[in-house]
Amino acid sequence: MSKISALACVGQNDICSLRIVCTMAREKKHELEEVDLYGNTALLKACYMGNLEAVITLLQFGANVKAVNHFGQNALTLATCSGSIDIIRELLRYSTYKEFNNSTLTPALCVATMLEKWELVKFFKDLEVDNDDDIQTAHGLNCEDIMSFFKLHKPVAQKQRKSIHV
């Protein structure tokens, strides 16, 4: 019988077993920071899968919010991929937006731009009160560069029209 892991529990969406594994990790009988072939911990995987309950459970039991996989992606980057604003808000309770940006090859704002998740772009820009123009990928691309490269266009906010019923 193979050993159950936090990674396996997240992959199978088994929150009950995940809580047991997390409890055992406190007693040093299990490891929460085990990684898969790509360097993803259970927390990183849960963020990517958009599994809020697993993310909350792992964070409550002390999972490393600063973990980064082999591709330079952190929890905030992967939560942005999933599009889960609730997970993003939860992660920001454990680490600052700036700390997340400093530990990844592609900051969450850039990921949101690439994936055309405009609500998240606005959310991240609102967090960056100083200057979001300074946020770039490890290759020096900012959001405008990314939009140009991928030929992306922000949706134009349309005014609501009043309908006239006769």
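First residue of the sequence shown? That's 1 in full-length UniProt numbering, and the numbers climb one at a time after it.
Don't be surprised by glycine CBs; every beta carbon is placed ideally from N, CA and C.
Computed from a predicted model, the values in this text were never measured in an experiment.
Residues near residue i in its chain [Cβ-Cβ closer than 7 Å; skip 5 each side]
i, result
"residue 82", "47, 48, 49, 50"
"residue 57", "15, 18, 19, 22"
"residue 76", "88, 91, 100, 108"
"residue 134", "none"
Same chain, Cβ closer than 8 Å to residue i, five either side skipped, listed in chain order
i, result
"residue 5", "21, 30, 31, 34, 42"
"residue 12", "none"
Close beta carbons around residue i, own chain, < 6 Å, minus the five adjacent residues each side
i, result
"residue 1", "Only weak support is given to the placement of residue 1: the predicted model assigns it a pLDDT of 41, under 50, and the value that follows is read from those uncertain coordinates. Within the same chain, residue 1 has no close Cβ partners at all."
"residue 86", "52"
"residue 84", "50"
"residue 121", "112, 113"
C-alpha distance - residue i paired with residue j, whole-angstrom precision
i, j, result
"residue 105", "residue 80", "14 Å"
"residue 125", "residue 143", "11 Å"
"residue 99", "residue 3", "34 Å"
"residue 151", "residue 28", "50 Å"
"residue 103", "residue 138", "10 Å"
"residue 149", "residue 37", "30 Å"
"residue 136", "residue 129", "16 Å"
"residue 9", "residue 115", "28 Å"
"residue 123", "residue 45", "22 Å"
"residue 7", "residue 59", "14 Å"
Proximity below 8 Å, CB of residue i to CB of residue j
i, j, result
"residue 118", "residue 154", "yes"
"residue 54", "residue 15", "yes"
"residue 113", "residue 146", "yes"
"residue 40", "residue 74", "no"
"residue 97", "residue 127", "yes"
"residue 78", "residue 110", "no"
"residue 71", "residue 26", "no"
Minimum Cβ-Cβ distance from residue i to chain D less than 8 Å
i, result
"residue 129", "The question asks about chain D, but that chain is absent: this structure has only one protein chain."
First through last residue of the alpha helix (DSSP H) which encompasses residue i
i, result
"residue 136", "Unbroken run through residue 136: none, as it is neither H nor E."
"residue 33", "Where residue 33 is concerned, there is no enclosing alpha helix (DSSP H), given that its DSSP letter is neither H nor E."
"residue 116", "Premise fails: residue 116 is in no alpha helix (DSSP H) and is neither H nor E."
"residue 38", "It is not in any alpha helix (DSSP H) - residue 38 carries neither H nor E in the DSSP assignment."
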